[in-house]
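Q:
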Amino acid sequence: MKKENLIKKYPIIFAFLCFIFIAIFCAIIGSLVNPPENSNPSANTQLNQNKNIEQDFQEAINIVSPKLTGLPDLDINLNDLQVMENPLGEGIFVYVPQTDFYGLERFFLWLVIDNNAYALNGATKDLTPLLSFPRDANEIVWAKTGLDKYIASEAIEIVFNK
Numbered sequence: 002m003k004k005e006n007l008i009k010k011y012p013i014i015f016a017f018l019c020f021i022f023i024a025i026f027c028a029i030i031g032s033l034v035n036p037p038e039n040s041n042p043s044a045n046t047q048l049n050q051n052k053n054i055e056q057d058f059q060e061a062i063n064i065v066s067p068k069l070t071g072l073p074d075l076d077i078n079l080n081d082l083q084v085m086e087n088p089l090g091e092g093i094f095v096y097v098p099q100t101d102f103y104g105l106e107r108f109f110l111w112l113v114i115d116n117n118a119y120a121l122n123g124a125t126k127d128l129t130p131l132l133s134f135p136r137d138a139n140e141i142v143w144a145k146t147g148l149d150k151y152i153a154s155e156a157i158e159i160v161f162n163k
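Right, dumping it as structure tokens:
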């Protein structure tokens with residue numbers, strides 16, 4: 002009986018207390034369902050690494066694309082370039098996924114490491130004549146790639162599965 006009297010006597014206070022209770026309950030449930038971003042540092046680290054990888058990929062494309070000066074009849078441009086990390090070591094592969102050009106199979110493939118791009122085979126060198134071959138790279142730099150600097154077949158296998 003007394004509770005009913007209090008509720009009838011102070012309806013605004015009762016409504017306010019109900020509101021506070023519901024707000025606290027929702028805040029607790031919300032934090033359990035969707036924890037704050039800083040509560041999982043490893044997830045934040047992964048997110049930052051993903052952003053860095055995306056930036057590295059874009060930088061690799063930006064290094065290769067201005068050098069696409071050879072073989073204008075193939076009409077290869079910035080939008081044709083794809084990227085992937087080098088699974089054997091450092092560096093980023095930049096490549097053109099299309100391999101059939103006028104009935105000829107050509108693999109256009111570069112490796113970007115330390116802000117330098119290297120044409121990994123003769124067809125790629127024809128497309129980007131201003132770039133060096135890996136054999137011209139510094140030994141210490143190229144050793145970080147885990148790739149043979151004289152034979153492109155390993156890189157072609159990795160990127161094109163050929």
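My numbering puts the first residue of the sequence shown at 2, with every later residue one more than the last. Built from N, CA and C at the ideal position, the CB exists for glycine as well. Bear in mind that the values here come from a model prediction, so they are computed numbers and not experimental data.
#1: Provide the residue(s) that pair with VAL95 in DSSP beta bridges, ordered along the chain.
#2: With burial defined as no fewer than 16 other Cβ atoms inside 10 Å of the residue's Cβ, what is the status of ARG107: buried or exposed?
#3: Can you tell me the Cα-Cα spacing of ILE152 and ASP81, whole angstroms?
#4: Please report the Cβ distance between ILE77 and LEU69, rounded to the nearest whole angstrom; I am assuming they are in contact, meaning their Cβ atoms lie under 8 Å.
#5: Which word fits LEU121, buried or exposed, when buried means at least 16 other C-beta atoms lie within 10 angstroms of its C-beta?
#6: For TYR103, count the other beta carbons within 10 Å of its own beta carbon; 16 or more makes it buried, fewer makes it exposed. Which is it?
#7: Going by Cα to Cα distance, which pick from LYS126, VAL65 and VAL84 is closest to ASN116?
#8: How would you call PRO135, buried or exposed, if buried means at least 16 neighbouring beta carbons within 10 angstroms?
#9: Check for me: the alpha helix (DSSP H) holding ALA156 runs from which residue to which?
#10: Note down the Cα distance separating LEU112 from ILE30, rounded to an integer number of angstroms.
#11: Out of ALA28, PHE109, GLU55 and ASP101, state which residue places its alpha-carbon closest to the alpha-carbon of GLY71.
#12: Measuring CA to CA, which of LEU75, TRP143 and VAL95 is closest to ASP57?
#13: Thinking C-alpha only, which one of GLN99, THR146, PHE22 and LEU132 is nearest PRO67?
#14: Go to ALA138, then tell me how far its alpha helix (DSSP H) extends in each direction, as first and last residue.
A: Taking the definition as stated:
#1: DSSP lists VAL84 and TRP111 as partners of VAL95.
#2: Classification for ARG107: buried.
#3: Distance between the alpha carbons of ILE152 and ASP81: 24 Å.
#4: With 8 Å as the limit, ILE77 and LEU69 qualify as a contact, their Cβ atoms being about 6 Å apart.
#5: LEU121 is classed as buried because its beta carbon has at least 16 other beta carbons within 10 Å across all chains shown.
#6: Classification of TYR103: exposed, given that the 10 Å Cβ count is below 16.
#7: Comparing alpha-carbon positions, the option among LYS126, VAL65 and VAL84 lying closest to ASN116 turns out to be VAL65.
#8: Here PRO135 is buried, its C-beta having at least 16 other C-beta atoms within 10 Å.
#9: Annotation for ALA156: the continuous alpha helix (DSSP H) segment containing it runs 154–161.
#10: For LEU112 and ILE30, the gap between their C-alpha atoms comes out near 49 Å.
#11: The shortest Cα separation from GLY71 among ALA28, PHE109, GLU55 and ASP101 belongs to PHE109.
#12: Of all alpha-carbon atoms in LEU75, TRP143 and VAL95, the one lying nearest the alpha-carbon of ASP57 is that of VAL95.
#13: Checking every option, the nearest Cα to that of PRO67 belongs to LEU132.
#14: According to the DSSP assignment, ALA138 belongs to no alpha helix (DSSP H), since it is labelled neither H nor E.
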